[in-house]
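Colleague: Before I ask anything, let me first share the structure, which is written out below as structure tokens.
Number of protein chains: 2
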Amino acid sequence: MKKQVLVDMDGVLADVYSQFIDFEYRKTGVRKNIESLNGILESEAFPLHDEYVNSVGFFRNAPLIADSVEGLKYLNEKYKVLIVSSATEFPRSLLEKHEWLQEFFPFITWQQMIFCGKKDSIKGNIMIDDHPKNLDFFDGRRILFTQPHNALVENELNERVNNWKEIIELL
Amino acid sequence: MKKQVLVDMDGVLADVYSQFIDFEYRKTGVRKNIESLNGILESEAFPLHDEYVNSVGFFRNAPLIADSVEGLKYLNEKYKVLIVSSATEFPRSLLEKHEWLQEFFPFITWQQMIFCGKKDSIKGNIMIDDHPKNLDFFDGRRILFTQPHNALVENELNERVNNWKEIIELL
Chain X
3 MKKQVLVDMD
13 GVLADVYSQF
23 IDFEYRKTGV
33 RKNIESLNGI
43 LESEAFPLHD
53 EYVNSVGFFR
63 NAPLIADSVE
73 GLKYLNEKYK
83 VLIVSSATEF
93 PRSLLEKHEW
103 LQEFFPFITW
113 QQMIFCGKKD
123 SIKGNIMIDD
133 HPKNLDFFDG
143 RRILFTQPHN
153 ALVENELNER
163 VNNWKEIIEL
173 L
Chain W
3 MKKQVLVDMD
13 GVLADVYSQF
23 IDFEYRKTGV
33 RKNIESLNGI
43 LESEAFPLHD
53 EYVNSVGFFR
63 NAPLIADSVE
73 GLKYLNEKYK
83 VLIVSSATEF
93 PRSLLEKHEW
103 LQEFFPFITW
113 QQMIFCGKKD
123 SIKGNIMIDD
133 HPKNLDFFDG
143 RRILFTQPHN
153 ALVENELNER
163 VNNWKEIIEL
173 L
């Protein structure tokens, strides 16, 4: 029986930091340096966070995280993969995330997509997520995908990976 | 600790049969009698099923199932309620379902919404659904909400309710 792996979208498949930095630059003329954002929550790093994520195209046009297509393809052959994404807080994101997945990850079927508010009611054996608040409620193997906001998080219950190559080595 | 109740949308909160019958009438001029549809899957009863559910407004304008607002309010005070809806097969439904819930059930928060493909990875103690295929994979208490397509289903593992008044009496 294949193990079930729950894979997050934002910050694991989709490079939302690039979007935040681009949207902020277009809005304010200031381009933040990603290295300066370590240890700062996204909503604090970008005060107009909610405006950006509610904008047309924020999720639909997000760039891919490096090696995420090859990495997810690998996981999808070896495990039972579910894409679990927080989306109901920002309803516009729902269709955009669905279309984005279909474009870049056509091997992921609609049966493998879950768009939710909280992730603590989703069953799985392994969770890959950049948000400690999601991993904290998970009773399986917890894999923290490095993003600036979690750079300073230390929790021995999490295994940290810095990129998709490390996921493939680990799993 | 409150028990967690998973509540389906289509056929439990939203009267999709009314929509199917109306859409069919507008398309073909024939108005099907709901009594004639007992024991027939929705996709067989309405050959243009997929065209209808992909139409603008199919979910957004669905009427309420009788007493569902009062019933869900009752459950939401007594239990931990999650709305779990199959939606990713028909991506247009995602935003429509979200808006519909916000309009008619404003006491349900975005944290309580799950839009998925399959429901077999959602944790709960009680599931209320009109589709036996969803209840069959559920390891908690299974409540089958009567709709024409399930009228002939007999399964002693399910408790059958015919309306929201019966749900309130039962739970």
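Heads up: the sequence lines are chains X and W, in that order. Sequential numbering of the first sequence, starting at 3, is according to our numbering. Sequential numbering of the second sequence, starting at 3, is according to our numbering. Positions of the beta carbon are idealized from the N, C-alpha and C atoms, including for glycine. This one's a predicted model, so the numbers in the text were calculated from it and none came from an experiment.
(1) Go through its chain and collect everything with a Cβ distance to X/I170's Cβ below 7 Å, but skip five positions before and after it.
(2) What runs of the alpha helix (DSSP H), each 4 residues or longer, lie entirely inside the region 111 to 170 of chain W?
(3) How would you list, in chain order, the residues of chain X whose beta-carbon sits under 9 Å from the beta-carbon of W/F117?
(4) Between which residues of its own chain and X/F106 is the CB-CB distance below 7 Å, once the five residues before and five after are set aside?
(5) As a quick exercise: from W/E156, W/N160 and W/Q149, pick the residue whose alpha carbon is nearest that of W/I36.
(6) In angstroms with no decimal places, state the Cα-to-Cα distance between X/R28 and X/V86.
(7) At a Cβ threshold of 8 Å, is W/W112 touching chain B?
(8) Would W/H100 pass as an interface residue toward chain X - the criterion being a Cβ-Cβ separation below 8 Å?
(9) I need the DSSP call for W/D12, collapsed to helix, strand or coil.
(10) Quick check: what's the CA-CA separation for W/N136 versus W/R33?
(11) Taking Cβ positions only, does X/P134 come closer than 8 Å to chain W?
(12) Using a Cβ-Cβ cut-off of 8 Å (strictly less than) and excluding sequence neighbours within five positions of X/D132, which residues of its own chain qualify?
(13) X/Q149 CB to nearest chain W CB: under 8 Å?
(14) Could you spell out the range, first to last residue, of the beta strand (DSSP E) harbouring X/I85?
(15) State the start and end residues of the unbroken alpha helix (DSSP H) segment that holds X/L96.
(16) Assuming contact is defined by CB atoms lying nearer than 8 Å, are W/I124 and X/S45 in contact in what I supplied?
(17) Answer with buried or exposed for W/P93, where buried requires no fewer than 16 other C-beta atoms within 10 angstroms of its C-beta.
(18) Can you pull the chain W neighbours of X/K80, defined as C-beta to C-beta under 9 Å?
(19) Got a sec: is the Cβ-Cβ distance from W/I128 to anything in chain X below 8 Å?
(20) Short of 8 Å in beta carbon distance, which residues of its chain neighbour W/P134, apart from the five on each side in sequence? Order them along the chain.
(21) Residues bridged to X/Q6 by DSSP?
(22) Would X/P108 pass as an interface residue toward chain W - the criterion being a Cβ-Cβ separation below 8 Å?
(23) Per DSSP, what kind of secondary structure is W/L66 in: helix, strand or coil?
(24) Return the chain-ordered list of same chain residues with a C-beta closer than 7 Å to the C-beta of W/R162, the five sequence neighbours on each side being excluded.
(25) Tell me whether the beta-carbon of X/F187 lies closer than 8 Å to the beta-carbon of X/F60.
(26) Taking all protein chains shown into account, decide if X/L43 is buried (16 or more other Cβ within 10 angstroms of its Cβ) or exposed.
(27) If we count the other Cβ atoms within 10 Å of its Cβ and call it buried at 16 or more, is W/S88 buried or exposed?
(28) Report the three-state DSSP secondary structure of X/V18 (helix, strand or coil).
(29) Using a C-beta cutoff of 8 Å, does X/L84 count as contacting chain W?
(30) Would X/N164 and X/K5 be called neighbours here (beta carbons separated by less than 8 Å)?
Modeller: Reading from the atomic positions:
(1) Here residue 170 of chain X is taken as the residue at index 168 of the first sequence, counted from 1. For X/I170, where only same-chain residues beyond five positions count, the Cβ hits under 7 Å are G73 and Y76.
(2) 134 to 137
(3) Taking the first residue of the second sequence as position 1, residue 117 of chain W is located at position 115. In chain order: A89, T90, L96, M115, I116, F117 and C118.
(4) One-based indexing of the first sequence puts residue 106 of chain X at position 104. The answer, listed in chain order, is L66 and V71.
(5) Position 34 of the second sequence, counted from the start, is the residue given in the question as residue 36 of chain W. With distances taken between Cα atoms, W/I36 lies closest to W/Q149.
(6) Position 26 of the first sequence holds residue 28 of chain X. Position 84 of the first sequence holds residue 86 of chain X. Answer to the nearest angstrom: the Cα atoms are 30 Å apart.
(7) Given the protein chain composition of this structure (X and W), no chain B is represented.
(8) By 1-based counting over the second sequence, the position of residue 100 of chain W is 98. Closer than 8 Å: yes.
(9) In the second sequence, the residue the question calls residue 12 of chain W occupies position 10. Here W/D12 sits in strand by DSSP.
(10) Within the second sequence, numbered from 1, the residue matching residue 136 of chain W stands at position 134. Within the second sequence, numbered from 1, the residue matching residue 33 of chain W stands at position 31. Going from the Cα of W/N136 to the Cα of W/R33 covers about 29 Å.
(11) Along the first sequence, read from residue 1 onward, the residue named residue 134 of chain X stands at position 132. Taking Cβ atoms only, chain W never reaches closer than 8 Å to X/P134, which makes this a no.
(12) Numbered from 1 along the first sequence, position 130 holds the residue referred to as residue 132 of chain X. Here the set comprises D10, D12, G13, V14, L146, F147, T148, Q149, H151 and N152.
(13) Along the first sequence, one-based indexing puts residue 149 of chain X at 147. Answer no: the Cβ-Cβ gap between X/Q149 and chain W never drops below 8 Å.
(14) Residue numbering aside, residue 85 of chain X sits at position 83 when the first sequence is read from its first letter. K82 to S88 is the span of the beta strand (DSSP E), which, as asked, contains X/I85.
(15) Within the first sequence, residue 96 of chain X is the residue found at index 94, counting from 1. Element bounds for X/L96: R94 to F106.
(16) For the purposes of this step, residue 124 of chain W is taken as the residue at position 122 of the second sequence. For the purposes of this step, residue 45 of chain X is taken as the residue at position 43 of the first sequence. For W/I124 and X/S45, no; Cβs fall outside 8 Å.
(17) Position 91 of the second sequence, counted from the start, is the residue given in the question as residue 93 of chain W. W/P93 should be labelled buried.
(18) One-based indexing of the first sequence puts residue 80 of chain X at position 78. Result: empty, since nearest Cβ-Cβ is about 18 Å, beyond 9 Å.
(19) If you number the second sequence from 1, residue 128 of chain W lands on position 126. Output row for W/I128: interface = no.
(20) Along the second sequence, read from residue 1 onward, the residue named residue 134 of chain W stands at position 132. Around W/P134: L146, N152, V155, N157 and N160.
(21) What you label residue 6 of chain X is simply residue 4 of the first sequence in a count that begins at 1. Paired residues: X/K82.
(22) Within the first sequence, residue 108 of chain X is the residue found at index 106, counting from 1. Not one chain W Cβ lies under 8 Å of X/P108.
(23) Within the second sequence, the letter at position 64 stands for residue 66 of chain W. Reduced to three states, the DSSP call for W/L66 is strand.
(24) Mapped onto the second sequence, residue 162 of chain W falls at position 160. Excluding sequence neighbours, W/R162 sits near L146 and T148.
(25) Absent from the structure is residue 187 of chain X, since the part of chain X shown begins at 3 and ends at 173.
(26) The residue given as residue 43 of chain X occupies position 41 in the first sequence. Looking at its Cβ environment, which holds fewer than 16 other Cβ atoms inside 10 Å, X/L43 is exposed.
(27) Here residue 88 of chain W refers to the residue found at position 86 of the second sequence. So W/S88 counts as buried.
(28) If you number the first sequence from 1, residue 18 of chain X lands on position 16. Of the three classes helix, strand and coil, the one that applies to X/V18 here is helix, per DSSP.
(29) Counting from one through the first sequence, the residue named residue 84 of chain X turns up at place 82. Closer than 8 Å: yes.
(30) Translated into the one-based positions of the first sequence, residue 164 of chain X becomes position 162. Translated into the one-based positions of the first sequence, residue 5 of chain X becomes position 3. Result no, Cβ atoms of X/N164 and X/K5 do not sit closer than 8 Å.
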